[in-house]
Structures are given as structure tokens and as C-alpha cells.
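Chemist: Please find one structure pasted underneath; my questions will follow.
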Amino acid sequence: AQSVSQHNHHVILSEAASLELGCNYSYGGTVNLFWYVQYPGQHLQLLLKYFSGDPLVKGIKGFEAEFIKSKFSFNLRKPSVQWSDTAEYFCAANTGKLIFGQGTTLQVKP
Amino acid sequence: EPEVTQTPSHQVTQMGQEVILRCVPISNHLYFYWYRQILGQKVEFLVSFYNNEISEKSEIFDDQFSVERPDGSNFTLKIRSTKLEDSAMYFCASSGRSDYPRLREQYFGPGTRLTVT
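These protein sequence lines are chains A and B, in that order. Taking the numbering used here, the leading residue of the first sequence gets 110, the next gets one more, and so forth. Taking the numbering used here, the leading residue of the second sequence gets -3, the next gets one more, and so forth.
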């Protein structure tokens, strides 16, 4: 069955720390992967997406993610987080419908 | 920038009552979706809709659920007889034209929090 899993459920960082959120997927076919962010009180917004080509994709607000096919992974990274990055982050695979991971709550301390 | 909107933001209803959740997708989008998130759980796909028909539905989307596009702008989710376990955040999403379903970028609304008492 198709599935997406996120390893970290709750991450607490200080400002300027580096961030890496794990995402693994299980899907037999061609996969298209997304990271969405949900800031407190707001709707899900697309951070970045991978369809094909360069496995290192850059998104908004300094985020990037690397698609590693051999590891079935699509980890989200940011070199230096800010307090405003406090939000919930969702990895998702698009098979025609979105299959979401559990979500990771990121809390950045000022 | 165009947005998906949803009303109401919060709906409280008694068990057994019917509820209708409303969504206005982005105006030139053709594909519409409903997802839900029970507190503490994953966001789950419910149904996708295109050309006035359901394209795909999940196991959750049983006979108690229905979707409709009553006019050119609204997209609604109806739950006929709500149960306690229907309490969740319901998200509407829409996407534009693409030949490949996997490539369609979905834009989400802010959600409706449904509380069934």
C-alpha cells in the first residue's frame, strides 16, 4: 500500500539552528513528492515539490529537499531556522490524490 | 493571489444531524478534493471530483457522505447523519488542468473544524 511516513513528530530548535525533517515514502510507481507547511491558524501551503530532474529542489523561504530514490526519502532541510518557521510540516506523495505523512510540529525558540 | 475559501470555519452539530461544508475553489480550477484530519492523526483523502463526477473516493467516503458542485463556484461536502467520529478538520483543495494526475498541484483552503456532540 502507498504510504508516507515522517519520523520526527515534534522538533524543538533554537533560532539559527539547522533543520532536517525526515520523510520516507512507499510507492511502487513514479512518485511526485511535496512538502506542505501549515502556520498556526493558516491553511496548508506548498513549500516545494519534486516531479523529476534535479533531485535537490529548492522551495520558498530558504527550504530545500533532496529526493533520494535508493532510500525512498525526501527530507526537508533549512540551514538556519527562524522563529517564524514555527509551524506544522507535512510530507505528501501525489498519486492522483495526496497521501500525507503524520506531520512534524516544529517549534523554534527565539 | 487567488485562494480556496471554506465556510464555516467552525461548525458544531449534534450526532445524527446533517451538515454541509462549503468550499469555493480557485476559479479556473477543474479538479476538486476533500481531505480531513482527525485531531492528532494524518490528513486523509476523502474524495476527488472532476467534470461533475467523483473521480476517486476513499474507504472513509461511505454512503453518509456526498459531494456536489451546485453552481459554477461552490463545491460542497454533505454528511447526512453525523457521528462522533466525524469530528475533524475538513480541508477542501483544488487544482488546475494537467494531463497527469500526479502532477496536479493542489491548493488548500483554511479548513472547517467540525465538532459533533
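Positions of the beta carbon are idealized from the N, C-alpha and C atoms, including for glycine.
Counting along the chain, where does the beta strand (DSSP E) carrying B/Val112 start and finish?
Modeler: Its beta strand (DSSP E) spans residues Thr108 to Val112.
Chemist: On the criterion of 16 or more Cβ atoms from any shown chain inside 10 Å, does B/Ile75 qualify as buried, or is it exposed?
Modeler: With 16 or more Cβ atoms within 10 Å of its Cβ, B/Ile75 is classed as buried.
Chemist: Measure the C-alpha to C-alpha separation of A/Gly171 and A/Lys187 and round it to an integer number of angstroms.
Modeler: Roughly 6 angstroms separates the two Cα atoms.
Chemist: Taking DSSP's pairing of strands, which residues face B/Met85 in a bridge?
Modeler: Paired residue(s): B/Gln33 and B/Arg109.
Chemist: Which residues, in order along the stretch 138 to 171 of chain A, keep a beta-carbon less than 9 angstroms from a beta-carbon of chain B?
Modeler: Within the stretch 138 to 171 of chain A, the residues whose Cβ lies closer than 9 angstroms to some Cβ of chain B are Gly138, Thr139, Val140, Asn141, Phe143, Tyr145, Gln147, Gly150, Gln151, His152, Leu153, Gln154, Leu155, Lys158 and Phe160, listed in chain order.
Chemist: With B/Ser51 as the anchor, note down where its beta strand (DSSP E) starts and where it stops.
Modeler: Its beta strand (DSSP E) spans residues Glu49 to Lys53.
Chemist: What number of angstroms, rounded off, separates the C-alpha of B/Pro21 from the C-alpha of A/Lys180?
Modeler: Whole-angstrom Cα-Cα distance: 36 angstroms.
Chemist: Could you give the DSSP three-state label for B/Ser131: helix, strand or coil?
Modeler: With chain B covering -3 to 113 only, the question about residue 131 of chain B has no answer from this structure.
Chemist: By the criterion of Cβ-Cβ separation under 9 angstroms, what are the contact partners of A/Leu207 in chain B?
Modeler: Under the 9 angstroms cutoff, chain B gives Tyr29, Tyr31, Val39, Phe41, Ala89 and Gln102.
Chemist: Alpha carbon to alpha carbon, what distance is there between B/Tyr103 and A/Leu156?
Modeler: Looking at the two C-alpha atoms, the distance is approximately 12 angstroms.
Chemist: Any contact between the stretch 201 to 210 of chain A and the stretch 23 to 43 of chain B? By contact I mean 3 or more CB pairs, one from each, below 8 angstroms.
Modeler: Yes, the stretch 201 to 210 of chain A touches the stretch 23 to 43 of chain B.
Chemist: Under 8 angstroms, Cβ to Cβ, is there at least one residue of chain A near B/Leu26?
Modeler: Closer than 8 angstroms: no.
Chemist: How should A/Trp62 be labelled, buried or exposed, when 16 other C-beta atoms within 10 angstroms of its C-beta is the threshold for buried?
Modeler: With chain A represented from 110 up to 219, any question about residue 62 of chain A goes unanswered, as that position is not in the structure.
Chemist: Give the range of the beta strand (DSSP E) segment to which A/Ala126 is assigned.
Modeler: That residue, A/Ala126, is in no beta strand (DSSP E); it is neither H nor E in DSSP.
Chemist: Using beta carbons (cut-off 8 angstroms, strictly below), is A/Phe199 in contact with chain B?
Modeler: Yes, because at least one Cβ of chain B sits closer than 8 angstroms to the Cβ of A/Phe199.
Chemist: I'd like to know whether the C-beta of B/Glu49 is nearer than 8 angstroms to at least one C-beta of chain A.
Modeler: Judged by the 8 angstroms Cβ criterion, B/Glu49 is not in contact with chain A.
Chemist: Could you give the first and the last residue of the continuous beta strand (DSSP E) run that contains B/Gln2?
Modeler: Note, B/Gln2: beta strand (DSSP E), Thr1 to Thr3.
Chemist: I need the straight-line Cα distance from B/Gln2 to B/Leu17, nearest angstrom please.
Modeler: Their backbone Cα atoms lie some 8 angstroms apart in a straight line.
Chemist: Thinking C-alpha only, which one of A/Phe176, A/Thr214, A/Asn133 and A/Glu175 is nearest A/Gln111?
Modeler: Of the listed residues, the one whose Cα sits closest to A/Gln111 is A/Asn133.
Chemist: Along chain B, in chain order, which residues have C-beta atoms closer than 7 angstroms to that of A/Gln211?
Modeler: The answer, in chain order, is Lys38.
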